[in-house]
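Participant:
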Amino acid sequence: MTKMTTLTRRAATAILAGMTLIALAACVPEPPDGRPSPLDGHWVGRYTPQSMRVMDRPCTPGYGGIRIQDGRVSGEATNTYGASYRISGHVVGADRIVGNFYFRTRSVGSLKGHLVKGRLVGNYENVDGCRGSWVATRQ
């Protein structure tokens, strides 16, 4: 190989790596910027599974509350059996949230939601395959 071919290949590899990094960064939501959002406040609501069983495991409804402050989402949810889950996430754009819920320290599911007519509504899915919807109102 000539020196020019080697340099051309290295430049092409560097450009491709840079474009890949930019594409990946575009897919990741921006972290909260610490500024107040229209969603800031305390929200309480209920979640409801689409079905009551998935692969012989129960999918349970429940209730919970979240607090949104300066782009950060935190809270707790409890199912009908009394198991509690910690919620953590962030605001995306002006009216959307994304997050995860945890049992002890283990991530066991994800959620997303958005503002509709003064209520937060969204969907969730856990690691066992249970899916459903949730709705919360500002307190």
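Per mature numbering (1 follows the signal peptide of the UniProt record, and there is no 0), the sequence shown runs over residues -25 to -1, 1 to 114. Glycine included, every Cβ here is placed at the ideal spot set by N, Cα and C.
Tell me which same chain residues have a C-beta within less than 8 Å of the C-beta of S108, skipping the five on either side of it?
Facilitator: Y22, T23, Q25, V96, G97, N98 and Y99
Participant: Would you tell me roughly how many angstroms separate the C-alpha atoms of R10 and V91, rounded to the nearest one?
Facilitator: Rounded to whole angstroms, the separation of the alpha carbons of V91 and R10 is 21 Å.
Participant: Would you kindly work out how many angstroms separate the C-alpha atoms of G93 and T112, rounded to a whole number?
Facilitator: 7 Å
Participant: Helix, strand or coil: which one does DSSP assign to P33?
Facilitator: strand
Participant: Taking 9 Å as the threshold (C-beta atoms), are Y60 and V83 in contact?
Facilitator: yes
Participant: Quick one: what does DSSP say V102 is sitting in, helix, strand or coil?
Facilitator: coil
Participant: What do you get for V66, buried or exposed, if any count of 16 or more other CB atoms within 10 angstroms of its CB means buried?
Facilitator: buried
Participant: Going by beta carbon distance, what residues of the same chain come within less than 6 Å of R106, once the five residues before and after it are set aside?
Facilitator: Q25 and E100
Participant: What span of residues does the beta strand (DSSP E) with T23 cover, start to end?
Facilitator: Secondary structure note for T23: its beta strand (DSSP E) is the uninterrupted segment G16 to P24.
Participant: According to DSSP, is A111 helix, strand or coil?
Facilitator: Assignment of A111 by DSSP, reduced to helix, strand and coil, places it in the strand class.
Participant: Distance, Cα to Cα, D15 vs D45?
Facilitator: 7 Å
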